[in-house]
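Protein chains in written order, with our numbering: chain A, 4 to 211; chain B, 1296 to 1758.
All C-beta atoms, glycine included, are put in the ideal place defined by N, C-alpha and C.
Bear in mind the structure is a predicted one, so any value in this text is a computation, not a measurement.
Notes follow once the structure below has been shown.
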């Protein structure tokens, strides 16, 4: 009886100690890194610049790749989109930064068959450019994927405007910046979708 | 186009091409018809003063081998110079119309034709402005803008394209969002890509401006398994711009237990800009909320109308969520169980101790009885020889020699000598005491033996 009691008390104490310890460990902030700031003041060019979009030529086809018994998978890639921002400080004063958003229309096939745009996902990638001045949008999965997002579901597809790339006017270097982005496209459909030719339009919009 | 082949894969490439062919012809026929329709529409609108823009194909495919297309679009003034604005903000009366200008510059190395469009604008969930894609019909300010279908521009040249913003007479006061854009189509086998650059055209129709905001809250609590750590409260707020102006809104999320104990709050956050009618969902996570059986999340939203309006609007929403302190209760229960066990153990121990004490007392009592009996027996066994011995000692002869003293006075010589025979006295006692001792001893021994026998029997019976 006494051994049982001692064991119980010991286990409870140990559990409380572990809990308390981990609570303290969780509360204690890890040591912050000490960044040494070096301030350099370079005046921006004052000649008017522009926000330019360049679309690469080329053809891309969605090819069947990695289908299973239940899901057919087609992959391809978006043509490269280059955004060059050469605007000066005065032009950027009212700007909140540029961004390229993408959305897709539903795939329509012969005989009125459609595949919803939520079946098309993408994974944006930075091809060239400085990761400090441009941010790449997050992956968007298809409706047949598992959602991996913590706050927002990622299995929403390219239905609404999804971010491909985002430029920060505050970190625009002198002389402008050029960034090129693309995205891997993935279409997933149920294997019961009727065979046929389907087409969709992806709209990429550069706004600020 | 993607070719989905049926389960029996006998369709070869040629067959697919043959199947595709009528489709593509049909597509071009549709595009041509649409272009024709668009051209007729353009011709039917005399108000549209398109000078440098030519109506041509609605969609301008970028041929695969023609190289990249590079261009820029910005708001311009009437003389064609960019005015440095990022977008256009107009204040118009209902029924009024103005002409505005966009400057499209071909920054590539070959001539290109850009499709021009205007559509309803909106803010995405993250507050980024965009306009409806070509396939979706506008219903609001996008329909107020009339612009040419396309413009062909030589390399290095700019075109200043006018567009008309005509506010209908029945337009409601407030902000109405639209965008204009110039873009190109990249024709692909499977997916066509329309790339466009645009800017906002934000029209404020004069009249009574009423900034208003509404909000609703739902909260979800995730307790920590660790009783020393607080849990996490996830507060999802749905904010609606119920007024007629664009809103810059600020939101604070706070949570507290019953009677305001353990208050927690997140730093005030600025919401992305909200257009009239926009609904925005924001998620705030409060990481250090202790379980206090019930926690109430309070969300306060204060909004300011964008632009010149100084009017503000506010909304407060609250939601209560159950926050049972399971892990803390578990510790309490475990501790209480241990204390109860310890108390019960102590009580049992004391009982056993008392039982043992009683037993020991019994044994001790019995041992004392036995010991007393033994002692009596020993005394008696010693006493009998003692009682037998006295005669020997009683016969000890004490010799007393009385010599007459040299008397000074005759009276001294007359001192009477006691006529007491010590031998007789000793002999008398020597015979009487041992006999009494022996009788008493035998009685005590027999009583002790009887008691011992009875006690032993009782003990045997008890055990």
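Proximal residues to residue i (C-beta, below 6 Å), its chain only, five neighbours per side dropped
i: residue 1606/B; result: 1506 and 1600
i: residue 1616/B; result: 1514, 1516 and 1590
i: residue 208/A; result: 104
i: residue 1772/B; result: One cannot answer for residue 1772/B here, as it falls past the ends of chain B, which runs 1296 to 1758.
i: residue 1453/B; result: 1398 and 1400
CA-to-CA distance, residue j to residue i, given in whole angstroms
i: residue 15/A; j: residue 1654/B; result: 38 Å
i: residue 201/A; j: residue 110/A; result: 6 Å
i: residue 1648/B; j: residue 1623/B; result: 37 Å
i: residue 180/A; j: residue 1443/B; result: 32 Å
i: residue 1408/B; j: residue 1449/B; result: 9 Å
i: residue 1394/B; j: residue 1459/B; result: 4 Å
i: residue 1427/B; j: residue 27/A; result: 51 Å
i: residue 1730/B; j: residue 1670/B; result: 20 Å
i: residue 87/A; j: residue 190/A; result: 30 Å
i: residue 89/A; j: residue 1440/B; result: 29 Å
i: residue 1519/B; j: residue 1497/B; result: 48 Å
i: residue 149/A; j: residue 158/A; result: 6 Å
i: residue 91/A; j: residue 173/A; result: 11 Å
i: residue 20/A; j: residue 1632/B; result: 19 Å
i: residue 147/A; j: residue 9/A; result: 54 Å
i: residue 1629/B; j: residue 122/A; result: 52 Å
i: residue 124/A; j: residue 1572/B; result: 28 Å
i: residue 134/A; j: residue 11/A; result: 56 Å
i: residue 1323/B; j: residue 1582/B; result: Caution applies to residue 1323/B, whose pLDDT of 44 falls short of 50 and renders its modelled position unreliable; the value that the coordinates give is listed next. If I take the Cα positions, the gap works out to 57 Å.
i: residue 1499/B; j: residue 1588/B; result: 49 Å
i: residue 160/A; j: residue 116/A; result: 19 Å
i: residue 1512/B; j: residue 98/A; result: 32 Å
i: residue 54/A; j: residue 1487/B; result: 24 Å
i: residue 17/A; j: residue 1752/B; result: 56 Å
i: residue 1451/B; j: residue 1368/B; result: 13 Å
i: residue 1674/B; j: residue 1739/B; result: 11 Å
i: residue 1332/B; j: residue 1410/B; result: Reliability of the predicted coordinates at residue 1332/B is poor, the pLDDT of 39 falling under 50, and the value obtained from them is presented with this limitation in mind. The straight-line gap from Cα to Cα measures roughly 15 Å.
Beta-carbon proximity list for residue i, same chain, < 8 Å, skipping 5 on both sides
i: residue 1658/B; result: none
i: residue 206/A; result: 105, 106, 107 and 108
i: residue 1435/B; result: 1415, 1471, 1472 and 1473
i: residue 1241/B; result: Residue 1241/B lies beyond the range of chain B shown here (1296 to 1758); nothing can be said about it.
i: residue 74/A; result: 147, 191, 192, 193 and 194
i: residue 1742/B; result: none
C-beta contact flag for residue i and residue j at 8 Å
i: residue 137/A; j: residue 170/A; result: yes
i: residue 1446/B; j: residue 1456/B; result: yes
i: residue 1592/B; j: residue 1626/B; result: no
i: residue 1501/B; j: residue 1386/B; result: yes
i: residue 83/A; j: residue 130/A; result: yes
i: residue 64/A; j: residue 52/A; result: no
i: residue 1533/B; j: residue 1574/B; result: yes
i: residue 1553/B; j: residue 1586/B; result: no
i: residue 1527/B; j: residue 1580/B; result: yes
i: residue 1469/B; j: residue 1539/B; result: yes
i: residue 1661/B; j: residue 1750/B; result: yes
i: residue 1736/B; j: residue 1697/B; result: no
i: residue 118/A; j: residue 196/A; result: yes
i: residue 183/A; j: residue 132/A; result: yes
i: residue 1810/B; j: residue 1491/B; result: No answer is possible for residue 1810/B: the residues shown for chain B start at 1296 and end at 1758.
i: residue 77/A; j: residue 1425/B; result: no
i: residue 1578/B; j: residue 1529/B; result: yes
Chain E within 8 Å of residue i, Cβ atoms only
i: residue 1648/B; result: Absent here is chain E; the protein component of the structure consists of chains A and B.
Contacts around residue i, its chain only, beta-carbon distance under 7 Å, and the 5 residues preceding and following it disregarded
i: residue 1373/B; result: 1396
i: residue 1365/B; result: 1402 and 1403
i: residue 1464/B; result: 1389 and 1390
i: residue 1363/B; result: 1403
i: residue 1429/B; result: 1412 and 1489
i: residue 68/A; result: 76, 77 and 78
i: residue 1558/B; result: 1549 and 1551
i: residue 1467/B; result: 1500 and 1539
- Meets three-Cβ-pair contact criterion under 8 Å: the segment 1558-1569 of chain B and the segment 1526-1543 of chain B: yes
- Inspect the CB distances between the segment 155-169 of chain A and the segment 1415-1432 of chain B and report whether three or more fall short of 8 Å. yes
- Query: What are the start and end residues of each continuous beta strand (DSSP E) run of 3 or more residues lying completely inside the segment 1465-1548 of chain B, in chain order?
  - Reply: 1469-1481, 1486-1500, 1508-1517 and 1526-1536
- Task: Starting from the N-terminal side, write out each stretch of the beta strand (DSSP E) that is 3 residues or longer and does not extend beyond the segment 116-183 of chain A.
- Result: 123-131, 137-139 and 165-170
- Which residue spans inside the segment 1357-1407 of chain B form an unbroken beta strand (DSSP E) run of at least 3? 1364-1371, 1383-1387 and 1392-1401
- Task: Please list the segments of the beta strand (DSSP E) lying wholly inside the segment 1590-1629 of chain B, counting only runs of 3 or more residues, in order along the chain.
- Result: 1607-1618
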